[in-house]
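Enquirer:
There are 2 protein chains.
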Amino acid sequence: MAHLPRYLQLLWGREPEGRRGPKPGRSIAEIGAAAVAIADAEGLDAISMKSVANAVGFTTMSLYRYVDSKDELSAVMVDVAYGPADLSYAPGQGWRERITRWAREISARRMAHPWTTEVRLASPPLTPNTIGWMESGLEALEDTPLTSQQRLSTLLAVDGWGQNHVRQTVQMGLTGPVDPDSPQGAYLELVGELVDAAAFPRLATAGPEALGDDDDAFFDEEFDHGLGLLLDGIEALIARSNSERVKGSGRH
Amino acid sequence: MAHLPRYLQLLWGREPEGRRGPKPGRSIAEIGAAAVAIADAEGLDAISMKSVANAVGFTTMSLYRYVDSKDELSAVMVDVAYGPADLSYAPGQGWRERITRWAREISARRMAHPWTTEVRLASPPLTPNTIGWMESGLEALEDTPLTSQQRLSTLLAVDGWGQNHVRQTVQMGLTGPVDPDSPQGAYLELVGELVDAAAFPRLATAGPEALGDDDDAFFDEEFDHGLGLLLDGIEALIARSNSERVKGSGRH
DNA sequence: GCCAACTGCTTGCGCTATACGCAGATGAGG
DNA sequence: CCTCATCTGCGTATAGCGCAAGCAGTTGGC
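Quick note, the sequences are listed as chains A and B, same order.
Taking UniProt numbering, I'd label the letters of the first sequence as residues 1 to 252.
Taking UniProt numbering, I'd label the letters of the second sequence as residues 1 to 252.
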């Protein structure tokens with residue numbers, strides 16, 4: 001049995017019951033919530049052990065009673081930001097509707113806390129909510145004829161693409177109407193200045209066309225396009241899987 | 001004409017010609033190469049203004065003659081790590097082979113410098129090589145019947161997914177054979193410990209099966225699966241695009 | 001030949017994560 | 001009931017960080 005880091009013990013409620021000493025003044029959930037509030041309001045750079053500690057009424061060092069490092073605090077923050085995977089699928093829904101709903105919901109949570117995609121996780125996600133969302137995604141694919149291996153790979157692809165889409169959208173500052181005076185607003189101007197039509201002919205024509213006016217809809221449009229590609233790909237995989245099952249059942 | 005940040009001027013060779021004062025002792029390419037070498041050897045955390053400056057024979061503050069902030073240095077590092085997009089497509093190749101080759105090549109570059117996916121870019125990529133790779137990707141899709149808008153969206157999806165795949169693989173420590181004593185090696189053990197089969201039935205069956213033995217092949221297998229989904233999705237999009245063109249040419 | 005513009009260097013500030021030692025509170029074992 | 005290991009949160013201290021500001025020396029256009 002491997003040793004569990006403290007933050008995981010706390011998040012999963014795996015503390016030993018017979019404990020001496022004073023009761024902890026705060027819970028890890030409170031600390032996570034406070035940190036999330038700071039990151040939402042002032043960005044990820046505003047997160048420091050001091051700022052979070054002060055927000056819950058601690059001194060800096062007291063935070064280390066709950067979390068062994070800032071990386072662990074980050075993992076807690078992400079888990080709190082995602083929230084529980086309370087997504088129930090109607091029985092009549094097909095896999096396509098289900099996984100679409102899943103992707104939309106988890107993307108909405110990420111967009112509500114855009115800094116989540118910027119956090120550098122040092123280890124694979126092991127926190128309750130992140131694991132819960134994986135489980136929920138697998139549930140969405142349950143009525144497909146895919147193997148559980150294929151389902152996991154597929155979910156990994158959809159989730160990975162979605163996470164990157166949020167990150168890129170946020171990074172490019174296209175989460176809402178674009179202020180032309182902002183660095184992002186000047187992006188097009190800079191691109192036009194740098195991208196010589198002779199050296200980059202395809203980009204020169206496609207770029208302005210894509211990012212032209214309706215920056216507001218960028219996220220949704222690219223979301224639909226990307227997810228559409230993946231869904232059609234899954235459909236093809238399912239079709240292939242079905243035909244193979246019919247063709248030679250048991251063979252190979 | 002918007003103002004160009006210094007590092008972009010230097011990267012694109014857009015310096016004013018008549019310049020007084022001493023010649024710069026180093027080029028931005030040298031600085032970038034030195035920083036890349038450090039990050040390759042010791043990781044992204046080993047990158048500081050001091051460490052990079054020392055590597056090129058500068059004191060810390062002299063770096064600011066070339067780069068206005070550490071974020072700009074990061075952008076330069078990523079550009080240098082990607083290298084030029086010198087990918088030529090054989091005339092006989094179809095779009096499927098072409099985009100596969102593109103995705104493989106850019107992923108190989110990222111895997112060669114895994115920290116590139118961990119860098120937090122504050123602005124959209126505007127450096128020569130990153131832009132060059134976008135152009136190259138568009139070239140791969142050139143002989144499709146898609147609009148340039150669709151091509152850009154498609155490339156964005158493929159690139160985003162690929163970048164995330166590298167990041168996740170690196171993050172999970174699955175870039176090679178897994179040492180069971182490492183934190184990543186203990187991952188499965190921890191998952192088994194935390195993931196109650198009652199609470200997470202699907203994950204409990206799929207997880208061990210997927211990450212079980214051949215961790216070495218994780219990157220390639222998931223790469224093929226994800227890219228396969230996207231390619232089939234693109235194929236469906238192209239088929240739809242063709243049939244529509246035939247059905248009602250000119251209408252809408 | 002002048003002097004503005006540029007080079008790289010030095011000092012210093014405020015901030016960071018976190019190692020370490022502390023007094024007081026608590027509850028299990030004798 | 002008392003003891004004391006164990007826990008709480010606090011205060012201090014350290015090494016490193018990015019970067020602002022001012023420095024002397026070098027260069028090339030006027």
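Using N, Cα and C, we set each Cβ at its ideal position, and we do this for glycine too.
Here the structure is a predicted model, which means the values were calculated and not measured.
(1) What's the gap between the Cα of B:R101 and the Cα of B:A39?
(2) If you draw a straight line from the alpha carbon of A:I238 to that of A:I131, how long is it in whole angstroms?
(3) Any residues in the stretch 121-132 of chain A with a beta carbon nearer than 7 angstroms to a beta carbon of chain B? Which ones, in chain order?
(4) What's the gap between the Cα of A:E189 and the Cα of B:E189?
(5) Only counting the same chain, and skipping five residues up and downstream in sequence, which positions put a Cβ closer than 6 angstroms to that of B:V170?
(6) Check distances from the C-beta atoms of the stretch 149-165 of chain B to those of chain A and list, in chain order, the residues that come in under 8 angstroms.
(7) Enumerate in chain order the residues of its own chain whose CB-to-CB distance from B:G32 is below 6 angstroms, with the five nearest sequence positions on each side excluded.
(8) I'd like to check one pair, A:Y64 with A:T116: are the Cβ atoms closer than 9 angstroms?
(9) According to a CB-to-CB cut-off of less than 8 angstroms, which residues of the stretch 226-242 of chain B neighbour chain A?
(10) Looking at the C-beta of B:L8, does it have a partner C-beta in chain A at a distance below 9 angstroms?
(11) Could you tell me whether any Cβ in chain B is nearer than 9 angstroms to the Cβ of A:A46?
(12) I want to see whether chain A comes within less than 9 angstroms of B:Q171, judged by CB atoms only; does it?
(13) Can you find at least 3 beta carbon pairs, one from the stretch 128-142 of chain A and one from the stretch 23-31 of chain A, that sit closer than 8 angstroms?
(14) For a quick check, are the C-beta atoms of B:L8 and B:T127 less than 9 angstroms apart?
(15) Residues of chain A with CB closer than 7 angstroms to the CB of B:E135, please, in chain order.
(16) Does the distance from the CB of B:I234 to the CB of B:T147 come in under 9 angstroms?
(17) Closer than 9 angstroms, CB to CB, is B:E105 near chain A or not?
(18) Determine whether the beta carbon atoms of A:P5 and A:E72 lie at a separation below 9 angstroms.
(19) Determine the closest residue to A:L174 out of A:V195, A:M111 and A:S136, with distance taken between C-alpha atoms.
(20) For A:E74, which residues from the same chain have a beta carbon less than 6 angstroms from its beta carbon, with the 5 sequence-adjacent residues on both sides left out?
(21) Could you pull out every residue in the same chain whose Cβ sits closer than 8 angstroms to the Cβ of A:E105, ignoring the five residues on either side in sequence?
(22) The alpha helix (DSSP H) spanning A:E139 covers which residue range?
(23) Count the other CB atoms within 10 Å of the CB of B:D232; is the residue buried (16 or more) or exposed (fewer)?
(24) B:W161 and A:W133: beta carbons closer than 9 angstroms?
Expert: On the basis of the supplied data:
(1) 26 angstroms
(2) 25 angstroms
(3) L121, S123, P124, L126 and I131
(4) 52 angstroms
(5) P114
(6) Q149, Q150, R151, L152, S153, T154, L156, A157, G160, W161, Q163, N164 and H165
(7) V76, M77 and V80
(8) no
(9) G226, G228, L229, L230, L231, D232, G233, I234, E235, A236 and L237
(10) yes
(11) no
(12) yes
(13) no
(14) yes
(15) F200, R202 and L203
(16) no
(17) no
(18) yes
(19) A:M111
(20) A small correction: the amino acid at residue 74 of chain A is Ser; Glu does not occupy that position in the sequence shown. Only V119 meet the Cβ criterion.
(21) L87
(22) P128 to A140
(23) buried
(24) no
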